[in-house]
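Please read the structure below before turning to the comments.
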Amino acid sequence: MKCKKCGQKAAVNMPQHHLGLCREHFLEWVPEQTERFIKKYAMFTHQERVLVAVSGGKDSLSLWDILCRLGYQADGLYIALGIDGGVRYSAESQRLAEKFAAERGLTLHVVDVQAETGKTIPQWAETTLRGQQKPCAVCGMVKRHEMNRIARDLGYEVLATGHNLDDEAAVLFGNTLHWALDYLRRQGPVLRETSGLARKVKPLCRFYEREMTAYALLRGIEYIYEECPYAVGASSIRYKELLNQLEHDQPGAKLTFYLQFLEARQQGLFGAEAQPEAALHPCPRCGQPTSAPGLCSYCRMVTRAEDGE
Amino acid sequence: MVKLILRQQEFEVRPGMALVDALKKVNILPETIIATRNGEVITEDEILQDGDVVKLVAVISGG
Numbered sequence: 000m001k002c003k004k005c006g007q008k009a010a011v012n013m014p015q016h017h018l019g020l021c022r023e024h025f026l027e028w029v030p031e032q033t034e035r036f037i038k039k040y041a042m043f044t045h046q047e048r049v050l051v052a053v054s055g056g057k058d059s060l061s062l063w064d065i066l067c068r069l070g071y072q073a074d075g076l077y078i079a080l081g082i083d084g085g086v087r088y089s090a091e092s093q094r095l096a097e098k099f100a101a102e103r104g105l106t107l108h109v110v111d112v113q114a115e116t117g118k119t120i121p122q123w124a125e126t127t128l129r130g131q132q133k134p135c136a137v138c139g140m141v142k143r144h145e146m147n148r149i150a151r152d153l154g155y156e157v158l159a160t161g162h163n164l165d166d167e168a169a170v171l172f173g174n175t176l177h178w179a180l181d182y183l184r185r186q187g188p189v190l191r192e193t194s195g196l197a198r199k200v201k202p203l204c205r206f207y208e209r210e211m212t213a214y215a216l217l218r219g220i221e222y223i224y225e226e227c228p229y230a231v232g233a234s235s236i237r238y239k240e241l242l243n244q245l246e247h248d249q250p251g252a253k254l255t256f257y258l259q260f261l262e263a264r265q266q267g268l269f270g271a272e273a274q275p276e277a278a279l280h281p282c283p284r285c286g287q288p289t290s291a292p293g294l295c296s297y298c299r300m301v302t303r304a305e306d307g308e
Numbered sequence: 000m001v002k003l004i005l006r007q008q009e010f011e012v013r014p015g016m017a018l019v020d021a022l023k024k025v026n027i028l029p030e031t032i033i034a035t036r037n038g039e040v041i042t043e044d045e046i047l048q049d050g051d052v053v054k055l056v057a058v059i060s061g062g
């Protein structure tokens, strides 16, 4: 296969775009496309400060790399979850995130969940109803809370995550199977800011996970290859496998599924777009918005532990 | 022979076939991996030579 731009040997084939590119042109194409998506979905401008949530994985480190190459004011946030799983998962991912930042002279904020709350994520999962089946629900809730807190406290206008198209298509698949209308109304490349909640953006939402892996490898980005020990058996991974089987038989199926969903949502298929502000109340303990009056779920969890329940 | 390595698994296939056919033989979807040979990323139409060691980098992550 030849590179469509220069005719040299291609390194990456993207059947959904009928496009093969060599290393050099692929590494140009990814930031160009990212810039196009940032503008198309009005994610942020060069004047705004962006906080990139980095996990040490390929997507978030690649996103940080791309935003810096594009000249955005992008700092990183690493949340230490205290997950070991026999592979020193959190320790190793933190080391890689710190190495990435140090080598490029970038600012990385580190939040240690155990230092903040007194327990690691696996410990919280053992002691809370929410985490009894799997720690993923507790983990997601704590990460959302901490990401928003740091963005707000440090004055970042935008919080960027490395979700790729496969992540988004898998979530969409799950939400569609359950006809989870509230989630379907909210899913998109941008979740607008409300009082107390930073704007959330997903600049990689139109890249396949395979492309982001190729980008990390071709850029020489060292990332954590081991899977989170708690991700084994996760339904999102099962959905990704199903969607990849479909993609194999029908190149472009994942992209079409996601883009046509965005189009349908914009046309009002799921009713009026969610107005998050209308249904939110400030948590009396932390001040972050929550859907029901009273403590937010994060503060409920922490105060129950403080009260010895 | 050609060796394909995916995480802790190793597969052997005959030389002379394209990577896409080798992946089919060992039941791996091309959509789920990026293949590298001698540290270089290669496409699925690459013809595999005797003695090649192809590292397959799994792309799926998340939970």
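From first to last, the protein sequence lines are chains A and B.
At position 239 of the first sequence (counting the first as 1) the number is 238 in numbering that gives the first Met the number 0, and the numbers step up by one without a gap.
At position 42 of the second sequence (counting the first as 1) the number is 41 in numbering that gives the first Met the number 0, and the numbers step up by one without a gap.
All C-beta atoms, glycine included, are put in the ideal place defined by N, C-alpha and C.
Quick caveat, the model's predicted, so the values are computed rather than measured.
Of the residues B:D44, B:R36, B:G38, the one whose Cα lies closest to the Cα of K23 of chain B is B:D44. For T116 of chain A, the uninterrupted alpha helix (DSSP H) segment begins and ends at 112 to 116.
Taking CB atoms only, L28 of chain B has a neighbour in chain A less than 8 angstroms away. In this structure, DSSP gives E39 of chain B an extended state, which the three-state scheme calls strand. Contact note: V11 of chain A reaches chain B through I33, V40, T42, using a C-beta cutoff of 9 angstroms and chain order. Where K2 of chain B is concerned, the enclosing beta strand (DSSP E) starts and stops at 1 to 5. N163 of chain A carries a coil assignment under DSSP once its states are collapsed to helix, strand and coil. Residues of chain B with a Cβ closer than 8 angstroms to the Cβ of H247 of chain A are, in chain order, L28, P29, E30. Pairing V112 of chain A with A79 of chain A gives a Cβ-Cβ distance under 8 angstroms. In the DSSP assignment, V53 of chain B forms a beta bridge with B:L3, B:R36. Taking all protein chains in view, the Cβ of D49 of chain B is surrounded by fewer than 16 other Cβ atoms within 10 Å, so the residue is classified as exposed. Sequence-distant Cβ neighbours of C295 of chain A in its own chain, meaning closer than 6 angstroms and more than five residues away, are C282, Q287, T289.
Cα atoms of V170 of chain A and L241 of chain A: separation of roughly 13 angstroms, rounded to the nearest angstrom. Proximity of the stretch 54 to 66 of chain A to the stretch 219 to 226 of chain A meets the contact definition, three or more beta-carbon pairs being nearer than 8 angstroms.
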